[in-house]
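Numbering (the numbering used here), first residue to last: 1 to 327.
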């Protein structure tokens with residue numbers, strides 16, 4: 001007989017004074033938990049609190065003391081398991097699978113002050129389960145703000161799967177420890193400064209083998225991208241690869257500091273750890289409706305494995321200040 005694990009309880013709160021338990025955001029390290037609580041605003045509306053450190057171990061504060069926009073992406077990612085477990089009572093052990101995750105960011109995002117940033121996210125969900133029903137698929141839109149200033153927006157669709165269903169989807173690569181031990185050694189990195197990184201262990205791209213593609217660099221020892229053993233390349237690493245690729249290409253075309261303002265990711269297949277994956281990209285193009293005086297340049301980055309496209313992302317950078325929008 002299969003025993004369904006009990007769902008831990010996380011009551012609503014407006015204090016937002018301490019991190020939520022790590023199991024609610026699918027993290028092992030307490031230090032990686034960004035969310036501080038949640039409350040219901042309506043039948044399909046919620047509020048979630050978050051606190052951003054003045055500097056993160058991986059999503060580092062950049063030049064001028066500006067927070068990394070990918071910190072907002074990780075914050076919105078943590079919202080998904082929080083909603084699943086705290087609101088919709090999804091049991092532990094269920095796997096959440098992304099369909100897409102679109103984000104738009106203010107530029108510059110947020111300047112660091114003398115204390116951590118208190119961020120509030122307003123959420124609206126569609127297609128929720130009926131009362132008493134199981135969560136299978138959920139669409140969520142979010143707006144993040146700090147002290148009244150909008151930092152960005154996000155929209156995402158994801159699905160929840162029991163361990164039994166997930167095992168059928170991933171067989172034979174279902175054991176995280178085995179998958180991690182079978183992971184290929186990472187290739188040499190590009191020069192960190194070319195992708196706005198400080199050290200080689202933060203780089204997720206290898207030098208170009210030809211003019212059209214680079215190998216994805218997966219460092220499973222990273223305590224941030226691999227907070228715990230998993231059986232596939234995490235979605236956050238794929239989006240970071242898209243950001244690093246776009247920065248590498250676009251920075252060479254612009255003399256001014258570039259701000260990430262758009263990340264529209266589509267997840268099509270899992271990227272496995274035991275085979276190489278490849279990153280290719282389109283030629284950059286200018287976005288005519290950009291609110292930036294200097295315009296927004298976008299490019300599409302794709303990741304393929306075994307000749308099949310597994311992930312795509314439209315990435316946008318701008319040199320001047322812009323306001324976030326759904327786009």
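Beta carbons are placed, not taken as given, at the ideal position from N, Cα and C, and that holds for glycine.
Keep in mind the model is a prediction, meaning the values are calculated, not measured.
- For residue 123, the enclosing beta strand (DSSP E) has its first and last residue at 117–126.
- When DSSP reads this structure, residue 46 sits in a beta bridge with 40 and 123.
- For residue 247 against residue 193, the beta-carbon gap comes to about 11 Å, at or over 8 Å, which does not count as contact.
- For residue 189, the number of other beta carbons within 10 angstroms of its own is at least 16, and it is reported as buried.
- Assigned with DSSP and collapsed to three states, residue 63 falls in helix.
- Residue 79 holds the alpha-carbon nearest to the alpha-carbon of residue 19 among 67, 236, 79 and 69.
- In the three-state scheme derived from DSSP, where H, G and I count as helix and E and B as strand, residue 246 is classed as helix.
- The three-state reading of DSSP puts residue 24 in helix, counting H, G and I together.
- By the Cβ neighbour-count rule, residue 30 is exposed, with fewer than 16 other Cβ atoms within 10 Å of its own.
- Counting along the chain, residue 168 sits inside the alpha helix (DSSP H) bounded by residues 163–170.
- Residue 85 sits in a helix when the DSSP states are folded into three classes.
- Residue pairing by DSSP puts residue 265 in a beta bridge opposite 101 and 313.
- Counting C-beta atoms within 10 angstroms of its own C-beta, residue 169 has fewer than 16 neighbours from the protein chains shown and is therefore classed as exposed.
- For residue 297, the enclosing beta strand (DSSP E) stretches over residues 296–305.
- Between residue 261 and residue 104, the CB-CB gap stays under 8 Å.
- Contact annotation: the segment 151–164 does not touch the segment 213–228, with fewer than three C-beta pairs closer than 8 Å.
- As a beta-bridge residue in DSSP terms, residue 152 pairs with 105 and 144.
- When secondary structure is reduced to three states using DSSP, residue 73 falls in the helix class.
- Between the alpha carbons of residue 277 and residue 199 lies a distance of about 22 Å.
- Residue 243 counts as buried, since at least 16 other C-beta atoms from the protein chains shown sit within 10 angstroms of its C-beta.
- Residue pairing by DSSP places residue 215 opposite 278 in a beta bridge.
- Non-local beta-carbon contacts of residue 273 in its own chain, meaning distances under 6 Å to residues more than five positions away in sequence, involve 179 and 183 in chain order.
- The criterion of a C-beta distance shorter than 8 Å is satisfied by residue 52 and residue 34.
- If you ignore the 5 residues before and after residue 26, its C-beta comes within less than 6 Å of the C-beta of 81, all in its own chain and listed in chain order.
- DSSP places residue 195 within a helical segment (H, G or I) once states are collapsed to three.
- Each of 22, 28, 39 and 23 was checked against the Cα of residue 11, and the nearest Cα belongs to 39.
- With respect to the C-alpha of residue 97, the residue from 115, 263, 112 and 233 having the closest C-alpha is 233.
- Distance from the CA atom of residue 227 to the CA atom of residue 28, rounded to whole angstroms, is 6 Å.
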